[in-house]
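Residue numbers (numbering that gives the first Met the number 0), protein chains in the order written: chain A, 0 to 315; chain B, 0 to 256.
Cβ coordinates follow ideal geometry from the N, Cα and C atoms, glycine included.
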Amino acid sequence: MTNALEIEGLTKTYGSGFEALKGIDLCVKEGDFFALLGPNGAGKSTTLGIVCSLVTKTAGKVKVFGYDIDTHLSDAKLNLGVVPQEFNFNQFEKVFDIVTIQAGYYGIPLKKAAISAEKYLKKLGLWDKRNTPARMLSGGMKRRLMIARALVHEPKLLILDEPTAGVDIELRRSMWSFLEEMNRQGTTIILTTHYLEEAEALCRNIAIIDHGRIVRNTSKRELLQQLSLETFLLDTETPLAKAPHLDGFECRLGDEGVLEVDVEKGQALNHVFSQLEQQGVKVVSMRTKANRLEELFIRMVESTTPAAESITEGRE
Amino acid sequence: MNPQALFVAFSTIVVREVRRFTRIWPQTLLPPAVTMTLYFIIFGNLIGSRVGEMGGFDYMSFIVPGLIMMAVITSSYANVVSSFFSMKFQRSVEELLVSPVPNWIILAGYVTGGMARGLGIGVIVTLLSLAFTRLQIHNLPMVVVTVFLTSALFAVGGFINALLATKFDDVSIVPTFVLTPLTYLGGVFYSIDLLPDFWQGVSMVNPILYMVNGFRYGILGVSDVNPFVSLVMILVFIVVLSAIALKLLARGKGIRH
């Protein structure tokens, strides 16, 4: 299978001397739905910025569908669609113009561009707003406009930098569905996000970047299997005065009297329930305390040192 | 990109630019028309009638070519510097940077957009001048070539200014402190024959003097300098400034991190 994106030994040192990337290797297969995760300042946006030509690299190789950005930049860009983190369109232009002008930059004549613009504006629920100046749109609409603009030339690789930041839950879910549909139709998608729930729901492969290095690059399944401990929240029928003693499990009372139980990998939840039943505690509902990926992510980033070696493991 | 795609990209930039300055015509087209009309009335009619002849022509006829050229220079420059800097400021320049448009097409598109406004203003001011004087064209090709090249030159200058500018103040510094003095001292309102020898020598290093006089030669047939030297100088400036602009674009100066 072709690689949608290949990055080798990518480094970036800004004029201030700050070393944002310290030799990144990354490979994203065609058709993948890939997440690049990391804390603020880890190097996510710098990496994607270099791929999109918004940031100049210091050293290293970047190829988009086999096209080296040093020697075949134009071909690489033709295969690439970009949805940046911040709104970056002319606020005074109309929605339809923003999308068709972008198509024009890719050499698509207006007639053809108009058809493509209509297709994506309709899919993203913006067709009714086509004659509205961009500044009049809501935040969610502006995000969708940037997605429509990025897709108007039908790129094979779509890069989204925090695509659902500041978007309400309903809209976020509808954007997820749209992106999943795009991926099913063959578009390779790379996204960065702070909503780890988003990465867990959408992506098949995940790389975690910290201090300018890739500290994990593996499949989501492999990553989640590494979780050794999960915390479950149990809502009891009657409020508990103090946490019950459960053999083999750590438990405590959390906010609003919710019972928090730590369950290590390999332990059976049945033992929790049987002990609670013996003590007369009736559980009415249960959920995990936090997003599983989030827990893992926090642990990984906390334990990362700048000297950590990059690890590439089995991928789907 | 194939030649057809390049042309589509180029025309997209030009059309966008033309639509931008026509959409905000009260800011872009109206002010120079009003200002130049005031120049015609005050300097041409009221004061000009007392000045008498200049270079063998009545004062109004003498200043019209200079005023047209002044309007073309300032508008060509202002269009590109304000448009491209606004794109940088709003980050919409990223739309261009992520696309496969080559740098020379970006430069050509913006320069053509600036020329469209500059030359459009030139036509408006020329039509207004007809209300005050009769224009007799001495050498039409010279008029056309000089005004086109001058407009292109200052559009390129505006582009470089926009690339280097980091704040809105930087956009107005060059027009206020460089372009305006050079234009006023570039023989728009007087023949340099009126100046003492020393100041005539100083005037000869002002590039705008050559443009104004080249254009005046095309219209009136009189010039303080050799009009063909003017054309060569403008061409040299265009080549040098375009090379600088392309170099800055390739380095991503002011637009890439």
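**Study point:** Between the CA atoms of THR163 of chain A and SER137 of chain A - distance to the nearest angstrom
**Key:** Between the alpha carbons of SER137 of chain A and THR163 of chain A lies a distance of about 13 angstroms.
Check your understanding: Can you list the alpha helix (DSSP H) stretches of 4 or more residues lying completely in the region 120-170 of chain B, in chain order?
Key -> Here the runs fully enclosed are 139-163.
Exercise for review: Taking 8 angstroms as the cut-off, decide whether the C-beta atoms of THR182 of chain B and ILE72 of chain B are in contact.
Suggested key: Using a Cβ distance threshold of 8 angstroms, THR182 of chain B and ILE72 of chain B count as a contacting pair.
Review point. Using a beta-carbon distance below 8 angstroms, is SER229 of chain B in contact with chain A?
Key: False, the Cβ-Cβ gap to chain A never drops below 8 angstroms.
Check your understanding: Which residues in chain A sit within 9 angstroms of GLY112 of chain B, going by Cβ to Cβ distance?
Key -> Taking the beta carbon of GLY112 of chain B as reference, no residue of chain A falls within 9 angstroms; the closest one sits roughly 13 angstroms away.
Exercise for review: Using alpha carbons as the reference points, say which of A:LYS43, A:ALA34 and A:PRO108 lies closest to ILE189 of chain A.
Suggested key: Check the Cα spacing between ILE189 of chain A and each of A:LYS43, A:ALA34 and A:PRO108: the tightest is with A:ALA34.
Review point. Going by C-alpha distance, which of A:GLY185, A:PRO132, A:GLY165 and A:TRP175 is nearest PRO154 of chain A?
Key: Looking only at A:GLY185, A:PRO132, A:GLY165 and A:TRP175, the smallest Cα-Cα distance to PRO154 of chain A is reached by A:GLY185.
**Study point:** Extent of the continuous alpha helix (DSSP H) run through LEU195 of chain A
**Key:** Run containing LEU195 of chain A: 195-201, per the alpha helix (DSSP H) assignment.
Review point. What separation, rounded to the nearest whole angstrom, lies between the Cα atoms of ASP96 of chain A and LYS111 of chain A?
Key: Straight-line spacing of the CA atoms in ASP96 of chain A and LYS111 of chain A works out to 13 angstroms.
**Study point:** Cutoff 6 angstroms; reference SER241 of chain B; Cβ partners in own chain excluding five residues on either side
**Key:** Taken in chain order, the residues that qualify are VAL155.
Review point. Relative to the C-alpha of ALA77 of chain B, which residue among B:LEU96, B:PHE20, B:LEU45 and B:LEU95 is closest?
Key: Looking at B:LEU96, B:PHE20, B:LEU45 and B:LEU95, the one whose alpha-carbon comes closest to that of ALA77 of chain B is B:PHE20.
Check your understanding: Under 8 angstroms between C-beta atoms, does GLY43 of chain B make it to chain A?
Key -> Not an interface residue.
**Study point:** Proximal chain A residues relative to ALA77 of chain B, where beta-carbon distance stays under 8 angstroms
**Key:** From the beta-carbon of ALA77 of chain B, no residue of chain A is found nearer than 8 angstroms; the closest lies around 18 angstroms away.
Point to revise | ALA116 of chain A in three-state terms, based on DSSP | key: Here ALA116 of chain A sits in helix by DSSP.
**Study point:** Whole-angstrom C-beta distance between VAL214 of chain A and ARG148 of chain A, which should lie under 8 angstroms
**Key:** 33 angstroms between Cβ atoms; not a contact.
Practice item. Indicate whether the contact test is met: 3 or more Cβ pairs, each with one atom in the region 7-15 of chain B and one in the region 95-112 of chain B, closer than 8 angstroms. Key: With the cut-off at 8 angstroms, the region 7-15 of chain B and the region 95-112 of chain B touch.
Check your understanding: Taking the alpha-carbon positions, what's the LYS43 of chain A to GLY103 of chain A distance?
Key -> A straight-line Cα-Cα distance of about 29 angstroms links LYS43 of chain A and GLY103 of chain A.
Exercise for review: Name, going along the chain, the residues of the region 112-135 of chain B whose beta-carbon falls closer than 8 angstroms to a beta-carbon of chain A.
Suggested key: Here the close residues number zero.
Point to revise | Residue of A:LEU123, A:ASP74 and A:GLN90 minimising C-alpha distance to TYR105 of chain A | key: Answer by Cα proximity: A:ASP74.
Review point. Anyone know if the C-beta pair for THR45 of chain A and ALA3 of chain A falls short of 8 angstroms?
Key: Their beta carbons are not under 8 angstroms apart, which means THR45 of chain A does not touch ALA3 of chain A by this criterion.
Review point. Can you tell me whether THR27 of chain B is buried or exposed, with buried defined as 16 or more other CB within 10 angstroms of its CB?
Key: Counting of Cβ neighbours within 10 angstroms places THR27 of chain B among the buried residues, the total reaching 16 or more.
Exercise for review: Compute the distance between the beta-carbons of SER74 of chain B and ILE120 of chain B, then report whether it is under 8 angstroms.
Suggested key: Note that the C-beta distance between SER74 of chain B and ILE120 of chain B is below 8 angstroms.
Review point. PHE88 of chain A touches chain B at which residues, Cβ-Cβ below 8 angstroms?
Key: Per Cβ cutoff of 8 angstroms: GLN89, SER91 and GLU94.
Exercise for review: Tell me, please, whether the CB atom of PRO31 of chain B is closer than 8 angstroms to any CB atom in chain A?
Suggested key: It does not; no Cβ of chain A falls within 8 angstroms.
Point to revise | Range covered by the beta strand (DSSP E) that runs through ASN204 of chain A | key: Counting along the chain, the beta strand (DSSP E) containing ASN204 of chain A begins and ends at 204-209.
Point to revise | GLY106 of chain A at chain B interface by Cβ criterion, 8 angstroms | key: It does; some Cβ of chain B falls within 8 angstroms.
Review point. Can you tell me whether SER229 of chain B is buried or exposed, with buried defined as 16 or more other CB within 10 angstroms of its CB?
Key: Residue burial annotation: SER229 of chain B is buried, with at least 16 other C-beta atoms found within 10 angstroms of its C-beta.
Check your understanding: Whose CA, out of B:PHE176, B:ILE172 and B:ALA107, lies closest to the CA of SER81 of chain B?
Key -> Taking only the C-alpha atoms, the option nearest SER81 of chain B is B:ILE172.
Review point. Using a Cβ cut-off of 9 angstroms, which residues of the region 72-96 of chain A contact any Cβ in chain E, in chain order?
Key: Going by chain labels, chain E is absent from the structure shown, which instead holds the protein chains A and B.
Practice item. Would you please verify whether the beta carbon of ILE146 of chain A is less than 8 angstroms from any beta carbon of chain B? Key: Residue contact check for ILE146 of chain A against chain B: no CB pair falls below 8 angstroms.
Exercise for review: Determine the extent of the beta strand (DSSP E) in which ALA58 of chain A is found, giving its start and end residues.
Suggested key: Element bounds for ALA58 of chain A: 58-63.
Exercise for review: Please report how far the alpha carbon of LYS93 of chain A lies from the alpha carbon of THR131 of chain A, in whole angstroms.
Suggested key: About 5 angstroms.
Practice item. Thinking LYS21 of chain A and GLY211 of chain A are a contact (beta carbons under 8 angstroms), I'd like their distance in whole angstroms, please. Key: The C-beta separation of LYS21 of chain A from GLY211 of chain A comes to about 4 angstroms, placing the pair in contact by the 8 angstroms criterion.
**Study point:** Residues that TYR119 of chain A contacts on chain B, provided the C-beta gap is smaller than 9 angstroms
**Key:** Simply none; closest approach about 15 angstroms.
Review point. Does the count of Cβ pairs from the region 45-58 of chain B and the region 217-228 of chain B closer than 8 angstroms reach three?
Key: The region 45-58 of chain B vs the region 217-228 of chain B: in contact.
Review point. In whole angstroms, what separates the C-alpha of VAL17 of chain B from that of ILE123 of chain B?
Key: Between VAL17 of chain B and ILE123 of chain B, the C-alpha separation is close to 16 angstroms.
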